[in-house]
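Engineer: Sharing a structure with you now.
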Amino acid sequence: VQLQASGGGLVQAGGSLRLSCAASGRTFAINGMAWFRQAPGKQSELVAEIFNGGIINYLDSVKDRFTISRDNAKSTMYLQMTNLKPEDTALYYCAADTYGSPDYDYWGQGTQVTVSS
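Read in the working numbering, the sequence shown has 116 at position 116, and its numbers run on one by one without any break.
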């Protein structure tokens with residue numbers, strides 16, 4: 001499985017961005033997909049994840065602002081981010097979890113999101 005993230009950029013506080021993560025290869029093996037982020041000097045954190053069957057989880061600080069979705073026909077995952085805050089500034093990267101794997105086992109490159117105050 002290969003993952004390609006895109007959609008990052010510079011936005012003012014209160015603005016919106018939509019990230020995309022396109023999967024290729026053995027996409028039929030994917031169960032869950034997720035967005036992680038890592039800010040400078042901080043640990044990586046799980047932002048949102050979505051599984052086949054409809055289970056969705058969010059980081060508490062992004063609930064009601066971010067929406068994760070998947071278009072399985074296009075093998076693409078999205079993260080719609082609204083009301084962005086400076087503390088959302090980070091490198092965002094996507095991951096995939098294949099059936100039978102205990103954790104996320106495929107990772108894409110990051111896309112930078114910078115929110116100015």
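Backbone N, C-alpha and C fix where the C-beta goes; we use that ideal spot for every residue, glycine too.
Because the structure is a prediction, the values reported are computed rather than measured.
1) Strictly by DSSP, which residues pair up with V11?
2) Do the region 87 to 105 and the region 23 to 40 make contact, defined as three or more Cβ pairs closer than 8 Å?
3) Just mark E87 as buried or exposed, buried being the case when its beta carbon has 16 or more other beta carbons within 10 Å.
4) Which runs of the alpha helix (DSSP H) fall wholly inside the region 17 to 75 and span at least 4 residues, in chain order?
5) Is L17 closer than 8 Å to M81 when the C-beta atoms are compared?
6) In angstroms with no decimal places, state the Cα-to-Cα distance between A39 and T89.
7) So S6 is in the beta strand (DSSP E); what residue range does that whole segment cover?
8) Between which two residues does the beta strand (DSSP E) harbouring T98 extend?
9) Buried or exposed: S69, going by 16 or more other Cβ atoms within 10 Å of its Cβ?
Structural biologist: Taking the geometry as given:
1) V115
2) yes
3) Looking at its Cβ environment, which holds fewer than 16 other Cβ atoms inside 10 Å, E87 is exposed.
4) none
5) yes
6) Roughly 7 Å between the two C-alpha positions.
7) 2 to 6
8) 90 to 98
9) exposed
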